[in-house]
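First to last, the sequence lines map onto chains A and B. Start counting the first sequence at 1; every next residue gets the next number (full-length UniProt numbering). Start counting the second sequence at 1; every next residue gets the next number (full-length UniProt numbering). For every residue, glycine included, the Cβ atom is placed at its ideal position computed from N, Cα and C. Below: one structure, written as structure tokens.
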Amino acid sequence: MNTFRILVVDDETDFLETIVNRLNKRKLDATGVTSGEAAIDVLKEELYDVVLLDIKMPGGMDGIETLREIKRIQPLVEVLLLTGHASVETSIEGMKQGAFDYLLKPMKFEDLLTKMAQAFEKKATHDKKIRDAKIQELIRYPSRVFDQEKK
Amino acid sequence: MKLTHYKNLRLKLIAITLAVSIGPLILLGTAIYYQFGKLYQERIEDQIRTLARTQSNAVDVFLRERTTILAMIVETQSFETLNNPENLSKLFWQINQRAEGLGLVDLGVIDKEGNQLAYAGPYNLQGLNYYQQPWFDEVLRRGQFISNVFMGFRQVPHVIIAVKGVTGNNSWILRATIDSEILNRLVRSAQVGTSGDAFIVNRDGVFQTSPRFKGVILGQSKIETQRFGEGTTVIETREDSGDIRYIGGAWLKDREWMLVISQIAGQEHGWMGNARNTEIMIIATGCVVILFAIVLISNTLVRHLEQADCEMNELNSQLIQQDKLAALGKMAAGIAHEINNPLAVIGEKAGWMEDLLAEEEFQNSENYKEFAASIGKIEEHVDRARKITHNMLGFARRMEPRLDDVEINHVLDQTIEMLSNHARINDIEIVKHYTDRLPIIASDQSQLQQVFLNLINNAIDAIGSDGTIDVSTGMEKEYIRISIHDNGPGIPEAIQKKIFDPFFTTKHNGKGTGLGLSISYTIIEKMGGQISIDSHEDQGTTFVVLLPLVLPEKK
Chain A
1 MNTFRILVVD DETDFLETIV NRLNKRKLDA TGVTSGEAAI DVLKEELYDV
51 VLLDIKMPGG MDGIETLREI KRIQPLVEVL LLTGHASVET SIEGMKQGAF
101 DYLLKPMKFE DLLTKMAQAF EKKATHDKKI RDAKIQELIR YPSRVFDQEK
151 K
Chain B
1 MKLTHYKNLR LKLIAITLAV SIGPLILLGT AIYYQFGKLY QERIEDQIRT
51 LARTQSNAVD VFLRERTTIL AMIVETQSFE TLNNPENLSK LFWQINQRAE
101 GLGLVDLGVI DKEGNQLAYA GPYNLQGLNY YQQPWFDEVL RRGQFISNVF
151 MGFRQVPHVI IAVKGVTGNN SWILRATIDS EILNRLVRSA QVGTSGDAFI
201 VNRDGVFQTS PRFKGVILGQ SKIETQRFGE GTTVIETRED SGDIRYIGGA
251 WLKDREWMLV ISQIAGQEHG WMGNARNTEI MIIATGCVVI LFAIVLISNT
301 LVRHLEQADC EMNELNSQLI QQDKLAALGK MAAGIAHEIN NPLAVIGEKA
351 GWMEDLLAEE EFQNSENYKE FAASIGKIEE HVDRARKITH NMLGFARRME
401 PRLDDVEINH VLDQTIEMLS NHARINDIEI VKHYTDRLPI IASDQSQLQQ
451 VFLNLINNAI DAIGSDGTID VSTGMEKEYI RISIHDNGPG IPEAIQKKIF
501 DPFFTTKHNG KGTGLGLSIS YTIIEKMGGQ ISIDSHEDQG TTFVVLLPLV
551 LPEKK
């Protein structure tokens, strides 16, 4: 498994810490934050591949709002929703907003890893396509490299 | 309790309707009956009164006529003329000749000493003295006199009519005899019908004419004449036979005599009795018909009511079951959510511990295996709890069934295939009795599969080992009927009602969540179907699923 960067967002610190630890143990670059706002702040500064986002977070931004904001800042990041909530509607809403998939808490860690790998794969494919497109563009119009440098 | 309730209701209905319908009928009948009787009585009384009056008038006229004739003779003829027997005979003959049927038996002239001076008639009464006779004085005193019927010298019942004549200082009497047979004949014409009698009695109740029935002329009639008032009176007496006899009396001859008409009620007026009987019969028939109708109507009504009640109860219990499920669904969702988070933490912590155990320093530790086993157990039980809470969430979730074209037999086949291994291990044979060519319905295949899986799995668990499960399909009205029968120990009646309740389970701790049947119930109910149980101890259990025939849209 290729290593990739993961941002875990959950207000349940016990859960958050453990997940981050377990992910790190598997040589994944995982970071944890406890609120939607913190997640947005982090994402403004750094690039991530996958965000594990708890939908139900009391106070502040809720999951769906956070998701929308994440997608605005980093459209290419794949978001995996986590929910302990009964209503699947929220999850469906999340999927509509561009989340990759959802998982019902408590989940099996293996399932989580699989889903994340899939999300990363999708993201990687996506990135590759964009890169390829850029390379194509550069081959056709080499001078644009300089245009970009000017920016 | 319910049963007696309906019985009471039925009785109450019958009693009230009976009272309301038959009561007035009987009242009306009674009123008509007595009205009839009264009318009848009045009619008879009227008839008898009229008859008595006319007949008494006739007798009065008869007697007055004869008295008038005698008086006329006395006025017009001199004593000397009449005292001559030859003249008297001639006169007697002339009277009888001219006025036939005047009924004079004889004619005689009597002086004031009572000696019969002259006599004309069939008997030899010349020279008899009447001075001692009670009527003699009466004639001299009153001028004229009509006697009661008496035997007289001749020992034949007769009536005497006598008129006093006065010539100068000499008083004398002209006397005629009337055979009472004439009176008999006169009165007999009023003897109507088979029981009607007509006769004359004097003031002492002595027969003056021969009655038709009991009694003879001059005998005592037992009629209490003082009971009869002025004019014409009708009284009622009761015969020994029970019949009512009407007796009408009309006074005549200055209240000396009374003409009596007697008649037994009912006999001469058979139509009256018939009318009464017919009326009673009509009312009785009416009552019987009404009774039948009321009983029939009440029975039908109560039966319908009972049925409606039954249906309502069933509906109610279904509603209660649905309410229960809905309320529990909400609660389950809340609980599941609250539990899921800590459960997730526990799970992850255990996972983390497991991860750490993989490090070398722990591998060689003394209790490594114990730790690993404990962590494994924790994870296993978190997994179990996870299944339960996810089940609860699934139960609470209002998922609209996805509509596929479903072939029930096929779905059952798939389900049985899934369980066949499990069944074989336990020596359980699954027998299929399918009805071929069941219509394809629009339903949710996976949800149906979940239900069948649950039911057959329960059947296997119920049998334990060595038994048969019979799965059959068929049509029942507008439903497809799937029945799953096992020959297990059956479900005690006491808990049959609870088996669809959430979290109710008969399985050992940890083997079942008690959600399977309630989820099945919810699924089938949402599809518009029904699921029911028929179980008898030692005879096994049958679950019947009815699915509505929702035909897929033509594509």
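- Per the coordinates, the alpha-carbon of aspartate 101 of chain A lies some 16 Å from the alpha-carbon of proline 75 of chain A.
- Any Cβ of chain A closer than 7 Å to the Cβ of leucine 343 of chain B would place that residue at the interface, and such an atom is present.
- Restricted to the stretch 214-252 of chain B, the beta strand (DSSP E) segments that are unbroken, complete and at least 3 residues in length are 232-238, 244-252, listed in chain order.
- One Cα belongs to asparagine 341 of chain B, the other to proline 106 of chain A, and the distance between them is close to 7 Å.
- Contacts with chain A (Cβ-Cβ distance below 7 Å) from the stretch 348-380 of chain B involve Glu348, Lys349, Gly351, Trp352, Asp355, listed in chain order.
- Nearest to serine 465 of chain B by C-alpha distance, out of B/Trp352, B/Ile430, B/Ser483, B/Glu476, is B/Ile430.
- Rounded to whole angstroms, the Cβ separation of tyrosine 434 of chain B and threonine 473 of chain B is 5 Å, and the two are in contact under 8 Å.
- Excluding its 5 nearest sequence neighbours in each direction, isoleucine 22 of chain B has C-beta neighbours in its own chain below 7 Å: Cys287, Ile290, listed in chain order.
- Interface flag for proline 58 of chain A against chain B is unset, since no Cβ pair is found closer than 7 Å.
- Rounded to the nearest angstrom, the gap between the Cα atoms of glutamate 65 of chain A and leucine 16 of chain A is 20 Å.
- Within the model, the alpha-carbon separation for isoleucine 388 of chain B versus serine 483 of chain B is close to 28 Å.
- The beta-bridge partner set that DSSP reports for glycine 32 of chain A consists of A/Val8.
- Leaving aside the five residues that flank alanine 442 of chain B on each side, the residues in its chain whose CB is nearer than 6 Å to its CB run, in chain order, Leu403, Val550, Pro552.
- A Cβ-Cβ distance of about 34 Å is found for the pair glutamate 476 of chain B and leucine 393 of chain B, leaving them out of contact under the 8 Å criterion.
- Under the Cβ criterion of 7 Å, asparagine 340 of chain B is counted among the residues facing chain A.
- Contact annotation for arginine 386 of chain B against chain A: Leu104, Lys105, Pro106, Met107, Lys108 [CB-CB distance below 9 Å, chain order].
- A check of alpha carbon separations from alanine 38 of chain A across A/Leu28, A/Leu53, A/Lys25, A/Leu112 identifies A/Leu53 as the nearest.
- By the beta-carbon neighbour count (other beta carbons within 10 angstroms, threshold 16), proline 134 of chain B is exposed.
- The Cβ atoms of isoleucine 26 of chain B and glutamine 263 of chain B do not sit closer than 7 Å to each other.
- In the structure shown, arginine 481 of chain B falls within a strand segment according to DSSP collapsed to helix, strand and coil.
- The Cβ-Cβ distance between isoleucine 408 of chain B and leucine 455 of chain B does not fall below 7 Å.
- About 14 Å separates the beta carbons of arginine 175 of chain B and isoleucine 95 of chain B, which is beyond the 8 Å limit, so they are not a contact pair.
- If you look at leucine 80 of chain A, you'll find it isn't in any alpha helix (DSSP H); it sits in the beta strand (DSSP E) that goes 78-83.
- Boundaries of the alpha helix (DSSP H) harbouring histidine 422 of chain B: 408-425, taken from the DSSP string.
- Residue contact with chain B for lysine 25 of chain A: present (Cβ-Cβ distance below 7 Å to some residue of chain B).
- A contact between stretches requires three or more CB pairs, one per stretch, nearer than 8 Å, and the stretch 106-124 of chain A meets this requirement with the stretch 341-353 of chain B.
- Per DSSP, reduced to three states, the secondary structure at isoleucine 161 of chain B is strand.
- Annotation: alanine 58 of chain B to serine 189 of chain B spans about 11 Å, alpha carbon to alpha carbon.
- Per DSSP, leucine 117 of chain B is one residue of the beta strand (DSSP E) stretching across 116-120.
- Here asparagine 129 of chain B is bridged, per DSSP, to B/Asn115.
- Within 9 Å of the CB of histidine 304 of chain B, no CB atom of chain A is found; the nearest one sits about 45 Å away.
- Here tyrosine 34 of chain B carries a helix assignment [DSSP, helix/strand/coil].
- In the three-state scheme derived from DSSP, where H, G and I count as helix and E and B as strand, glutamate 553 of chain B is classed as coil.
- Taking the beta carbon of histidine 390 of chain B as reference, the chain A residues within 7 Å of it are Leu104, listed in sequence order.
- When only Cα atoms are considered, leucine 315 of chain B and phenylalanine 543 of chain B end up about 19 Å apart.
- From the beta-carbon of glutamate 78 of chain A, no residue of chain B is found nearer than 7 Å; the closest lies around 21 Å away.
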